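J.:
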Amino acid sequence: MTSAPPPPLEPLPTSPQDLFNLLKKLDISYDLYHHQAVFTVAESDKLDRDIPGVHCRNLYMRDKKKKNFLVVAANETAVDLKTLQSKLNCGRLSFGSPDRLWEFLGIRPGSVCPFTVMNDPEHRVQIVLDASMMAAQTVNYHPLDNRMTIGLAPVDLLKFLGHTDHQPIILDL
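64 is the number that our numbering gives to position 64 of the sequence shown; each next residue is one higher, with no gaps.
1) Please state whether DSSP places Q167 in a helix, a strand or coil.
2) When the Cα atoms are used, what is the spatial distance from G96 to L59?
3) For K64, collect the residues of the same chain with a Cβ closer than 6 Å to its Cβ; drop the 5 residues on either side in sequence, then sort them by chain order.
4) So, do the segment 152-172 and the segment 122-138 have three or more beta carbon pairs nearer to each other than 8 Å?
5) Which first and last residues belong to the alpha helix (DSSP H) in which Q17 is found?
6) What ranges does the beta strand (DSSP E) occupy inside the segment 93-164, keeping only unbroken runs of at least 3 residues that lie completely in it?
7) Do you know whose CA, among S132, T138, G162, lies nearest P121's CA?
8) Alpha carbon to alpha carbon, how far is R147 from V79? Give it in angstroms, no decimals.
9) Which of the three DSSP states, helix, strand or coil, is assigned to L81?
10) Whose C-beta lies closer than 7 Å to the C-beta of R124 among residues of the same chain, with five residues either side of it excluded?
11) Assuming K159 contacts I28 under a Cβ cut-off of 8 Å, what Cβ separation, rounded to an integer in Å, is found between them?
12) Going by DSSP, what residues sit across from D31 in a beta bridge?
13) Near T164, what residues of its chain come up, given a Cβ to Cβ distance below 7 Å and the 5 sequence neighbours on each side ignored?
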């Protein structure tokens, strides 16, 4: 781990330091990397070469019944929405708006990650994890701030999600 994270771009309901404190409390080890802000998978691809492990993307979605999903997959995984709808047995999926993302997960586009469920105590968002991503040795996510990346073991991600009482659905995407 490196020194303290840079200050957040805007006030968040949960700060990266809050996340780091919780990971420490849960005895979850991770590697922390600081870098320039990245907002897209294409931008992050330039940094990925220097950070070991599987790099992941996060898709905030809603179905026609207004059920919220956070789909987390390896950057290379193609997510077919029709197939995903069928596997989740839900209505038509569409991407959620930035305002809903803020309302339900307390985060802005570019910094979305599975750790945002810390801001969902009502369990209004269902986490969906890519099975191939979960088979990796190390998975990488932004820790609530797109100027940092943390790498950790998938089993530790599950430990974190268990602590927040978010039972993920693990699917072959």
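Heads up, the beta-carbon is just placed ideally off N, CA and C, and yes, glycines get one too.
The structure presented is a predicted model; accordingly, all values stated were derived computationally and were not measured.
T.: Taking the definition as stated:
1) Along the sequence shown, one-based indexing puts residue 167 at 167. The answer is coil: DSSP assigns Q167 none of H, G, I, E or B.
2) Within the sequence shown, numbered from 1, the residue matching residue 96 stands at position 96. Within the sequence shown, numbered from 1, the residue matching residue 59 stands at position 59. Cα-Cα distance, rounded: 9 Å.
3) Within the sequence shown, numbered from 1, the residue matching residue 64 stands at position 64. Cβ within range, chain order: G91, R92.
4) yes
5) For this step, residue 17 is matched to residue 17 along the sequence shown. From DSSP, the alpha helix (DSSP H) with Q17 extends over 16-25.
6) 125-130, 139-141, 148-152
7) Taking the first residue of the sequence shown as 1, we reach residue 121 at position 121. Closest option to P121, Cα to Cα, is G162.
8) Counted from its first residue, the sequence shown places residue 79 at position 79. Counted from its first residue, the sequence shown places residue 147 at position 147. Each residue's alpha carbon lies about 25 Å from the other.
9) Position 81 of the sequence shown, counted from the first residue, corresponds to residue 81. If DSSP states are grouped into helix, strand and coil, L81 belongs with the helices.
10) As a working note, residue 124 is residue 124 in the sequence shown. Closer than 7 Å at the Cβ level, and outside the excluded window around R124, lie N68, F104.
11) Looking up residue 159 in the sequence shown gives position 159. Looking up residue 28 in the sequence shown gives position 28. Indeed, because the Cβ distance is near 6 Å, the residues count as touching under 8 Å.
12) On the sequence shown, residue 31 is found 31 positions in, with the first residue counted as 1. Looking at the DSSP assignment, D31 forms a beta bridge with G151.
13) By one-based count along the sequence shown, residue 164 stands at place 164. V117, M118.
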